[in-house]
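S.K.:
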């Protein structure tokens with residue numbers, strides 16, 4: 422990055438990278454289809470890979486940064502979703518496409534994250550199989566990208582204020598509730614993570630509620646139904 426940062430700034434950005442690494446790993450599980458995820462962050466005049474779910478996704482994003490072209494960078498710059506249904510026929514970003522194919526991926530999507538700040542974030546989702554993105558897959562990926570944006574926004578708020586760490590912890594706690602609710606739904610509905618996350622999204626949409634609030638409600642309802650209040 423071009424601007425110099427003090428120790429407090431660097432500590433917060435290190436924390437952001439750490440949390441986003443955990444976030445991308447969780448996203449890859451919830452999105453299903455053996456997906457891999459990677460996050461690019463533009464801040465202080467520079468763009469960097471902030472987190473990845475695995476080394477293959479990281480390698481693809483590093484090539485994208487090195488040649489300065491690819492779906493995640495385009496999503497970052499335009500604010501538009503960039504979909505690749507089949508890497509075998511993709512010709513917009515040759516170097517990145519070759520790397521992604523060599524890594525075993527056959528389709529991908531670059532999803533912009535909406536932030537309050539001047540920073541910009543986009544998420545690359547890589548899939549091992551070709552084929553068009555159906556509506557449910559697009560909704561799951563976009564919802565998870567925007568949830569990631571909340572964590573980024575709050576961390577950058579902390580960076581500006583140089584304090585109020587509890588705000589970031591609240592955002593991380595909300596994400597933990599969502600992950601726990603997905604696990605609880607999987608156990609009670611006997612379904613996989615993708616289906617459970619889709620149910621959670623539907624409940625939030627139908628109730629016009631925040632995703633994390635619905636997750637807490639689900640967990641509280643499960644506790645109330647168990648003898649002794651244990652999940």
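Numbering (our numbering), first residue to last: 422 to 652. We put the CB at the ideal spot given by N, CA and C, even for glycine.
1) Only counting runs of 4 or more residues, tell me where the alpha helix (DSSP H) segments fall wholly within the segment 512-547, in order along the chain.
2) Put residue 604 into one of helix, strand or coil per three-state DSSP.
3) With three or more C-beta pairs closer than 8 Å as the rule, is the segment 502-511 touching the segment 481-489?
4) Let's test the definition: count the other Cβ atoms within 10 Å of the Cβ of residue 609 and tell me whether it reaches 16, buried, or not, exposed.
5) Excluding the 5 residues preceding and the 5 following residue 504 in the sequence, name in chain order all residues of the same chain whose CB lies nearer than 6 Å to its CB.
6) Between which two residues does the beta strand (DSSP E) carrying residue 458 extend?
7) Does DSSP put residue 615 in a helix, a strand or coil?
8) Does DSSP put residue 473 in a helix, a strand or coil?
9) If you pair each beta-carbon of the segment 445-460 with each one of the segment 605-623, do three or more pairs fall below 8 Å?
10) Looking at residue 516 and residue 488, is the spacing between their C-beta atoms short of 7 Å?
11) For residue 625, which residues from the same chain have a beta carbon less than 6 Å from its beta carbon, with the 5 sequence-adjacent residues on both sides left out?
12) Name the one or two DSSP bridge partners that residue 467 has.
13) Please report the distance separating the alpha-carbon of residue 478 from that of residue 535.
14) May I ask you to verify whether the segment 544-562 touches the segment 453-462, counting CB pairs closer than 8 Å and requiring at least 3?
15) Output the distance between the C-alpha atoms of residue 469 and residue 558, rounded to the nearest integer angstrom.
M.R.: Result, derived from the coordinates:
1) 515-523
2) In the chain shown, counting from the first residue as 1, residue 604 sits at position 183. In this structure, residue 604 counts as helix in the three-state DSSP scheme.
3) no
4) Along the chain shown, read from residue 1 onward, the residue named residue 609 stands at position 188. So residue 609 counts as exposed.
5) Within the chain shown, numbered from 1, the residue matching residue 504 stands at position 83. Counting only Cβ-Cβ distances below 6 Å, and skipping sequence neighbours, we find 530, 554.
6) Numbered from 1 along the chain shown, position 37 holds the residue referred to as residue 458. Residues 457-464.
7) Here the question's residue 615 lines up with position 194 in the chain shown. Residue 615 falls in the helix class under three-state DSSP.
8) For the purposes of this step, residue 473 is identified with residue 52 of the chain shown, where counting begins at 1. The answer is strand: DSSP assigns residue 473 an E or B state.
9) yes
10) Residue mapping note: residue 488 aligns to position 67 of the chain shown, counting from 1. Residue mapping note: residue 516 aligns to position 95 of the chain shown, counting from 1. Yes, they are a contact pair.
11) Taking the first residue of the chain shown as 1, we reach residue 625 at position 204. 632, 635, listed in sequence order.
12) Here residue 467 refers to the residue found at position 46 of the chain shown. In the DSSP output, where bridge partners are listed per residue, residue 467 has 464.
13) Here the question's residue 478 lines up with position 57 in the chain shown. Here the question's residue 535 lines up with position 114 in the chain shown. Computed Cα separation, rounded: 22 Å.
14) yes
15) Taking the chain shown and counting its residues from 1, one reaches residue 469 at position 48. Taking the chain shown and counting its residues from 1, one reaches residue 558 at position 137. The alpha-carbon atoms of residue 469 and residue 558 are separated by roughly 26 Å.
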